[in-house]
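Okay, structure first, notes after.
There are 2 protein chains.
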Amino acid sequence: MPDLAPASSLSYNLLEKRRPTDMSERIRATYDIETPLPVAEAAAMLAGEQSSGTFVAVPSETPELRERFAARVEEICAGESVATPALPGAKQAARYQRARIVISWPLENVGTNLPALVSTVQGNLYELTQFSGLKLVDLSLPAEFCQAFRGPAFGVAGTREVSGVSNGPLVGTIVKPSVGLTPQQTTALVSQLCAAGIDFIKDDELMVNPPHSPFDERAKAVMRVINDHAERTGKRVLYGFNLTDDYDNMQRHYDTVVALGGKAAMISVNSVGLPAALKVCGRGELVIHGHRNGWGQLNRHPLLGIGYGAYGKLWRLAGVDQMHVNGIDNKFWEADDDVVNSIRECGAELHDKRPVMPVLSSGQWGGQAFETWRRTQTTDVLYLAGGGIMAHPDGIAGGVTAIRQAWACAEDGMTLEAAAKRHSELRHAVEKFGRKEPS
Amino acid sequence: MPDLAPASSLSYNLLEKRRPTDMSERIRATYDIETPLPVAEAAAMLAGEQSSGTFVAVPSETPELRERFAARVEEICAGESVATPALPGAKQAARYQRARIVISWPLENVGTNLPALVSTVQGNLYELTQFSGLKLVDLSLPAEFCQAFRGPAFGVAGTREVSGVSNGPLVGTIVKPSVGLTPQQTTALVSQLCAAGIDFIKDDELMVNPPHSPFDERAKAVMRVINDHAERTGKRVLYGFNLTDDYDNMQRHYDTVVALGGKAAMISVNSVGLPAALKVCGRGELVIHGHRNGWGQLNRHPLLGIGYGAYGKLWRLAGVDQMHVNGIDNKFWEADDDVVNSIRECGAELHDKRPVMPVLSSGQWGGQAFETWRRTQTTDVLYLAGGGIMAHPDGIAGGVTAIRQAWACAEDGMTLEAAAKRHSELRHAVEKFGRKEPS
Chain A
2 MPDLAPASSL SYNLLEKRRP TDMSERIRAT YDIETPLPVA EAAAMLAGEQ
52 SSGTFVAVPS ETPELRERFA ARVEEICAGE SVATPALPGA KQAARYQRAR
102 IVISWPLENV GTNLPALVST VQGNLYELTQ FSGLKLVDLS LPAEFCQAFR
152 GPAFGVAGTR EVSGVSNGPL VGTIVKPSVG LTPQQTTALV SQLCAAGIDF
202 IKDDELMVNP PHSPFDERAK AVMRVINDHA ERTGKRVLYG FNLTDDYDNM
252 QRHYDTVVAL GGKAAMISVN SVGLPAALKV CGRGELVIHG HRNGWGQLNR
302 HPLLGIGYGA YGKLWRLAGV DQMHVNGIDN KFWEADDDVV NSIRECGAEL
352 HDKRPVMPVL SSGQWGGQAF ETWRRTQTTD VLYLAGGGIM AHPDGIAGGV
402 TAIRQAWACA EDGMTLEAAA KRHSELRHAV EKFGRKEPS
Chain B
2 MPDLAPASSL SYNLLEKRRP TDMSERIRAT YDIETPLPVA EAAAMLAGEQ
52 SSGTFVAVPS ETPELRERFA ARVEEICAGE SVATPALPGA KQAARYQRAR
102 IVISWPLENV GTNLPALVST VQGNLYELTQ FSGLKLVDLS LPAEFCQAFR
152 GPAFGVAGTR EVSGVSNGPL VGTIVKPSVG LTPQQTTALV SQLCAAGIDF
202 IKDDELMVNP PHSPFDERAK AVMRVINDHA ERTGKRVLYG FNLTDDYDNM
252 QRHYDTVVAL GGKAAMISVN SVGLPAALKV CGRGELVIHG HRNGWGQLNR
302 HPLLGIGYGA YGKLWRLAGV DQMHVNGIDN KFWEADDDVV NSIRECGAEL
352 HDKRPVMPVL SSGQWGGQAF ETWRRTQTTD VLYLAGGGIM AHPDGIAGGV
402 TAIRQAWACA EDGMTLEAAA KRHSELRHAV EKFGRKEPS
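Protein chains in written order, with the working numbering: chain A, 2 to 440; chain B, 2 to 440.
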């Protein structure tokens with residue numbers, strides 16, 4: 002299916018590039034496009050639609066106004082051409098040309114307004130008939146724009162500090178079943194998880210504040226166990242309480258968590274949006290775990306939506322401390338290359354913003370630690386396993402232990418096979434989870 | 002390109018349907034799917050992933066818990082099967098089966114939490130390898146869920162009341178150029194538009210609060226003209242000031258508009274998210290114009306994302322009074338059938354919620370009134386023309402007049418040709434805009 006190769010495998014040849022000018026005050030966005038038009042014409046049209054132009058010339062669009070405010074085509078790299086368009090609704094053509102293009106805008110078009118940035122670099126673009134494919138793959142933002150946002154209050158270093166885990170990955174889990182447990186049942190599980198030595202526990206994204214597990218009641222019960230455990234052992238387990246809700250409930254539940262001595266919470270970023278994320282993260286009292294459910298809607302098509310290079314920056318500026326990036330050999334569709342790139346993006350330079358802690362998840366059970374370490378050489382990750390811990394043959398403690406064994410052996414340069422011979426918990430994990438088709 | 006036919010043209014045969022049970026307490030979601038698996042298996046997997054299940058059985062997922070909390074497959078209608086998957090990343094198969102399925106959840110899984118509903122009915126679904134296509138096309142929500150939200154404070158009737166336009170479509174425009182005008186230039190344009198008899202004016206979605214047109218300064222200058230015009234003529238032109246920003250700025254700008262005697266504002270719904278929309282609309286002092294830029298990202302692919310049947314309900318519950326639905330023969334990619342369906346959806350039964358006023362836009366100039374009227378038989382619309390008014394050969398007043406002529410003649414059952422013979426402004430619009438390829 003060559004027409005739908007993942008974005009990371011597309012290749013381009015540089016066709017046009019503007020001479021370098023001072024870009025310090027310009028927003029740059031990189032797109033993978035497919036168009037029935039000559040690429041330069043399509044790129045110019047995109048720049049016009051998203052700045053000073055409309056579908057016909059209007060009297061007040063003077064040359065001076067255009068010179069100052071028009072978006073500019075900075076770079077065009079041509080890719081392959083195809084006979085069948087990737088998306089419906091484009092103008093008809095014999096061939097559709099793919100390209101990677103860079104467009105820039107003066108910062109003064111947008112100001113330091115994150116939602117307005119989204120409307121500018123994405124907005125109506127996806128609806129244009131001049132494109133049969135369009136994906137925003139990266140953003141480069143002026144320092145002045147980024148300085149308007151604190152970004153992650155905690156990020157990697159802050160998460161380590163609050164959790165007391167100074168080395169190795171944080172090992173975490175999701176309360177399962179996702180829905181249906183009472184606060185008491187949840188607490189019983191949390192108690193077992195604490196005893197098993199877990200670092201991080203979170204609500205499932207489906208669990209917020211339903212009648213059978215009211216937020217406040219669940220938070221109180223869970224925090225009693227976590228606080229007791231911290232007092233007894235000195236170890237503070239982080240629990241990401243799911244705040245995802247309307248604005249007032251999110252604030253109220255945030256207050257509840259703080260009052261109970263909690264140190265973390267989570268939001269489903271796509272479900273709450275940037276202004277809510279800015280507000281929640283802006284308080285800076287809790288480590289905010291960013292769940293990106295809905296990501297597939299925005300990224301699964303190689304020529305529609307947004308890539309993590311752009312997406313990750315938006316949420317990092319909004320202040321999310323941890324962000325889901327799937328994991329190597331995950332149960333979802335996302336390819337390992339994209340996962341590795343997303344992990345890197347979490348720590349890439351973004352002016353003075355703290356690195357986000359990547360959250361590896363989706364069918365993780367320890368076995369993937371080896372390939373993850375080999376390809377990223379970092380343990381600055383939160384490694385989340387739901388079923389991989391809950392359904393471990395030796396029980397929850399066995400599941401946590403197996404994951405720690407896997408990471409320690411991976412860092413030591415061992416193979417999974419060798420590690421499984423050495424450690425029985427990891428061996429049992431391999432026997433249960435390792436032979437399955439990822440499902 | 003039969004593989005990418007618009008969703009509205011897909012056809013299905015009923016395969017399975019549960020016997021009717023009391024659905025009053027269940028959330029129902031309808032999906033168009035494509036899967037490498039037997040459809041019933043894929044549907045069951047979807048239901049499991051989004052309720053009580055995970056990728057392996059976990060000890061606490063008891064039969065009692067499943068019975069009470071599991072999502073259920075309510076209906077399966079089989080469609081065609083295809084050899085090539087619509088999206089990458091699915092399990093390999095010789096054929097991929099398309100189907101329309103209905104899944105239901107107990108209301109108590111979600112509570113009355115709109116963002117949590119989104120995570121439940123969309124969430125991780127798009128990432129599952131069991132699907133090579135998945136689009137949420139409709140939602141049916143229990144009365145108890147809907148009662149938790151006021152919905153549009155104004156909607157169609159309220160917009161008519163505030164604007165004083167009791168009959169016919171509201172005629173509106175967007176300030177163009179989108180960016181670059183100073184508050185004084187914007188005001189000069191607004192003054193002309195008021196004199197031309199316009200009903201509604203809005204900021205472009207690219208224009209919020211940039212250094213060259215600070216929100217407060219623009220709002221003050223514009224409202225002076227609008228208030229003067231209202232005092233002199235008794236006609237109150239609505240101006241949709243673009244609030245799209247972080248939470249505090251949105252609230253502050255809302256206050257500014259109210260203090261200046263403004264009656265409307267706008268938000269880019271996808272850029273601000275549901276909690277911010279709930280909060281802004283919840284104040285109920287301003288008619289809120291919902292701009293859905295970014296819609297193409299969510300809807301352009303026939304087997305990815307969300308259809309207006311579901312999308313429109315979410316934002317209507319959030320309280321948006323007016324919503325963009327493109328227009329007949331628009332400059333964007335969206336097909337007329339989808340536009341007509343979206344217009345109907347704005348007024349479809351949703352318990353006691355007021356109808357949303359559909360906003361027709363994107364390359365409108367009056368000529369499309371005839372087909373719009375023929376197919377919808379309603380004038381409960383806001384008909385927005387940017388270039389169609391600004392670039393009219395007889396000037397702005399000619400542009401507004403041409404649109405009113407078009408709608409009046411359409412309601413009288415005339416053709417565009419006959420109407421253009423009768424009215425010179427409309428004839429000039431036809432001459433300038435009517436012969437072009439929609440671009």
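Heads up, the beta-carbon is just placed ideally off N, CA and C, and yes, glycines get one too.
This one's a predicted model, so the numbers in the text were calculated from it and none came from an experiment.
Quick one: is residue i buried, meaning 16 or more other Cβ sit within 10 Å of its Cβ, or exposed?
| i | result |
| --- | --- |
| Thr257(A) | buried |
| Leu118(A) | buried |
| Ser167(B) | exposed |
| Arg233(B) | exposed |
| Lys422(A) | exposed |
| Lys18(B) | exposed |
| Glu68(A) | exposed |
| Asn14(B) | exposed |
| Glu438(A) | With a pLDDT of 42 at Glu438(A), under the threshold of 50, the modelled position of that residue is not reliable, and the figure given next carries that caveat. With fewer than 16 Cβ atoms within 10 Å of its Cβ, Glu438(A) is classed as exposed. |
| Asp229(A) | exposed |
| Lys433(A) | buried |
| Glu418(A) | exposed |
| Gln51(B) | buried |
| Pro64(B) | exposed |
| Gly306(B) | buried |
| Val402(A) | One point to set straight first is that residue 402(A) is Thr, not Val, in the sequence displayed. The residue is buried, with at least 16 neighbouring Cβ atoms inside 10 Å. |
| Thr416(A) | exposed |
| Asp322(B) | buried |
| Ala411(A) | buried |
| Asp247(A) | buried |
| Gly165(B) | exposed |
| Glu75(B) | buried |
| Ser440(A) | At Ser440(A), the pLDDT of 35 sits below 50, so the modelled position is not reliable; the number obtained from the coordinates is stated separately. Exposed, by the Cβ-count rule. |
| Ile344(A) | buried |
Where DSSP assigns a beta bridge to residue i, which residues make up the other side?
| i | result |
| --- | --- |
| His292(A) | Ser269(A) |
| Glu76(B) | Lys18(B) and Val103(B) |
| Glu36(A) | Position check: residue 36(A) holds Thr in this sequence, whereas Glu was assumed. BP columns for Thr36(A) point to Gln98(A). |
| Gly399(B) | Note: Gly399(B) sits in no beta bridge, so no partner. |
| Ala27(B) | Looking at the sequence provided, one finds Arg at residue 27(B) rather than Ala. Answer by DSSP bridge pairing, in chain order: Pro107(B). |
| Leu142(A) | According to DSSP, which records beta bridges pairwise, Leu142(A) is partnered with nothing at all. |
| Val209(A) | BP columns for Val209(A) are empty, so no partner. |
| Pro359(A) | Met324(A) |
| Ile307(A) | Leu137(A) |
| Asp200(B) | DSSP lists no partner for Asp200(B). |
| Ser82(A) | Gln98(A) |
| Phe242(B) | Ala266(B) |
Would you mind giving the Cβ-Cβ distance between residue i and residue j, rounded to the nearest angstrom? I have them listed as a contact below 8 Å.
| i | j | result |
| --- | --- | --- |
| Pro170(A) | Trp366(A) | Not quite, the Cβ-Cβ distance comes to about 14 Å (not below 8 Å), so this is no contact. |
| Leu115(B) | Ala319(B) | 7 Å |
| Leu244(B) | Lys264(B) | Not really, about 14 Å apart at Cβ, beyond 8 Å. |
| His290(B) | Val360(B) | 7 Å |
Counting only Cβ pairs nearer than 9 Å, list the residues of chain A close to residue i.
| i | result |
| --- | --- |
| Met267(B) | Residues of chain A passing the Cβ test: none, with the nearest at roughly 11 Å. |
| Gln365(B) | Under the 9 Å cutoff, chain A gives no residues; its nearest Cβ is about 10 Å from Gln365(B). |
| Thr402(B) | Simply none; closest approach about 18 Å. |
| Tyr240(B) | The premise fails here: Tyr240(B) is roughly 18 Å from chain A at the closest Cβ pair, so nothing lies under 9 Å. |
Please compile the residues from chain A whose C-beta is within a distance smaller than 8 Å of the C-beta of residue i.
| i | result |
| --- | --- |
| Leu279(B) | Asp247 and Tyr248 |
| Met251(B) | Pro276 |
By the criterion of Cβ-Cβ separation under 8 Å, what are the contact partners of residue i in chain B?
| i | result |
| --- | --- |
| Pro303(A) | Pro89 |
| Leu318(A) | By Cβ distance, chain B contributes nothing, its closest Cβ being about 11 Å from Leu318(A), past 8 Å. |
| Lys177(A) | Thr55, Val59, Ser61 and Glu62 |
Determine the chain A residues that contact residue i at a beta-carbon separation under 7 Å, and present them in chain order.
| i | result |
| --- | --- |
| Gln1(B) | The displayed coordinates of chain B run from 2 to 440. Any statement about residue 1(B) would go beyond what the structure contains. |
| Pro394(B) | Ordered by position in chain A, no residue passes the 7 Å Cβ test against Pro394(B), which lies about 11 Å from the chain. |
Which residues in chain B sit within 7 Å of residue i, going by Cβ to Cβ distance?
| i | result |
| --- | --- |
| Pro212(A) | Glu109 and Gly112 |
**Asked** Where in the segment 145–174 of chain A do unbroken runs of the alpha helix (DSSP H), each at least 4 residues long, occur, reported from the N-terminal end onward?
**Response** Counting whole runs of 4 or more residues, the segment 145–174 of chain A contains the alpha helix (DSSP H) stretches 156–164.
**Complete runs of the alpha helix (DSSP H) confined to the segment 361–430 of chain A [at least 4 residues]** = Those alpha helix (DSSP H) runs which fall completely within the segment 361–430 of chain A and span 4+ residues are 370–377, 388–391, 397–412, 417–423 and 425–430.
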